[in-house]
Amino acid sequence: MRAMPARSIATAALTVSCLLPAFAQDLAPRQQAWGTPIQMVLGLTLLAMLPALLVCLTSFLRIVVVLSMLRHAIGLPETPPNVVLIGMALLLTAFTMAPVWTQINELAVQPLMQGRLDTGAAIDLGIQPLRGFMLRQTQEADIGLMVELSKRPPPASLDEVPLPQLAAAFMVSELRAAFQIGFVIFLPFLLIDLLVSSILMALGMMMMPPVTIALPLKILMFVLVDGWGLLLRAVVGSFH
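Residues -24 to -1, 1 to 216, numbered by mature numbering (1 follows the signal peptide of the UniProt record, and there is no 0), are exactly what the sequence shown covers, in order.
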């Protein structure tokens, strides 16, 4: 189980490293028509879009929002640091997306490396597992909203939803799920704040900031109930 995130990251890295030479080999006969500068611009554009694609098309969005809301619920907006938060979100993303990376590798990357598929066919096959993952996490109401906003005729089935509309609906559903988990996270910490404030007022200690006492109690409660374990189970278990 501990090797799963590292294996998933290695699979994703292998996918990228294998696709780039394949793209270059497929575009080689067209070098005279396009020219090297245009290819460089296209390659740099794709590389610049990778972080946005990571946020839009994977489980990273829900995970990082939940972790950020946990910091604010405890009352430590700078702890854990952003570097630690992003690193944890990336590892959990690799863990939850491992089956998708495996399917992409089997359906598209390996056949492309063996010469059984061209680049276009590999992209069409490789995007299908990712579409399936997004469809499982996305509510139909969000898909309908994005199709309506795009002012296009509704598709006959969910499998025919264009990728831009599906990605936008997926992001909305991910934000909704993250906020629902965040609401549950906030409740026990809010209860501690209310209890501490009420006790201080009853004792006449209104000059003492409630956060001075509430913050250590929040941290103690989070550690005693194995908060990290509960949170990770809830976040990872929320993906279908």
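Glycine included, every Cβ here is placed at the ideal spot set by N, Cα and C.
None of these values were measured; they are calculated from a predicted model.
Extent of the continuous alpha helix (DSSP H) to which residue i belongs
i           : result
residue 45  : 36 to 50
residue 150 : 139 to 178
residue 194 : 186 to 200
residue 69  : 58 to 72
residue 181 : Per DSSP, residue 181 belongs to no alpha helix (DSSP H) and is neither H nor E.
residue 87  : 86 to 89
residue 134 : Residue 134 -> no alpha helix (DSSP H), and no H or E assigned at all.
residue 206 : 203 to 213
Exposed unless 16 or more other CB atoms sit within 10 angstroms - verdict on residue i
i           : result
residue 4   : Since pLDDT at residue 4 reaches only 44, below the 50 mark, its modelled position is unreliable, and the value read off the structure follows with that caveat. The residue in question, residue 4, is exposed, as its Cβ has fewer than 16 Cβ neighbours within 10 Å.
residue 271 : As shown, the chain starts at -24 and ends at 216. That puts residue 271 outside it, with no answer to give.
residue 159 : exposed
residue 186 : buried
residue 50  : buried
residue 199 : exposed
residue 175 : exposed
residue 213 : exposed
residue 81  : buried
residue 100 : exposed
residue 177 : exposed
residue 184 : exposed
residue 146 : buried
residue 93  : buried
Residue i to residue j span [Cα, whole Å]
i           : j           : result
residue 104 : residue 79  : 9 Å
residue 182 : residue 73  : 50 Å
residue 126 : residue 191 : 46 Å
residue 20  : residue 96  : 19 Å
residue 115 : residue 166 : 30 Å
residue 219 : residue 193 : The requested residue 219 is not part of the displayed model; the chain covers only -24 to 216.
residue 197 : residue 56  : 17 Å
residue 157 : residue 211 : 8 Å
residue 171 : residue 163 : 12 Å
residue 202 : residue 123 : 42 Å
residue 150 : residue 60  : 21 Å
residue 134 : residue 121 : 13 Å
residue 75  : residue 215 : 12 Å
residue 34  : residue 119 : 17 Å
residue 137 : residue 129 : 10 Å
residue 142 : residue 17  : 27 Å
residue 173 : residue 24  : 48 Å
residue 98  : residue 83  : 8 Å
residue 107 : residue 148 : 15 Å
beta-carbon residue i near the ligand PLP non-hydrogen atom, thresh 7 Å
i           : result
residue 102 : Ligands are entirely absent from the displayed structure, and the ligand PLP is therefore not among its contents.
Interface flag, residue i vs chain D, CB-CB below 8 Å
i           : result
residue 184 : Considering every chain present, this structure includes no chain D. It has just one protein chain.
(request) Evaluate the contact criterion for the region 80 to 89 versus the region 109 to 124: three or more CB pairs, one atom per stretch, below 8 Å. (result) no
(request) Spell out a yes or no on whether the region 200 to 215 and the region 29 to 46 are touching, meaning 3 or more CB-CB pairs, one atom from each, closer than 8 Å. (result) Flag = yes, the region 200 to 215 and the region 29 to 46 touch.
(message) Contact between the region 61 to 77 and the region 25 to 40 is defined here as three or more beta-carbon pairs at a separation below 8 Å; is this criterion met?
(response) yes
(message) Give the list of continuous alpha helix (DSSP H) stretches no shorter than 4 residues that lie fully inside the region 91 to 130.
(response) 95 to 113 and 116 to 125
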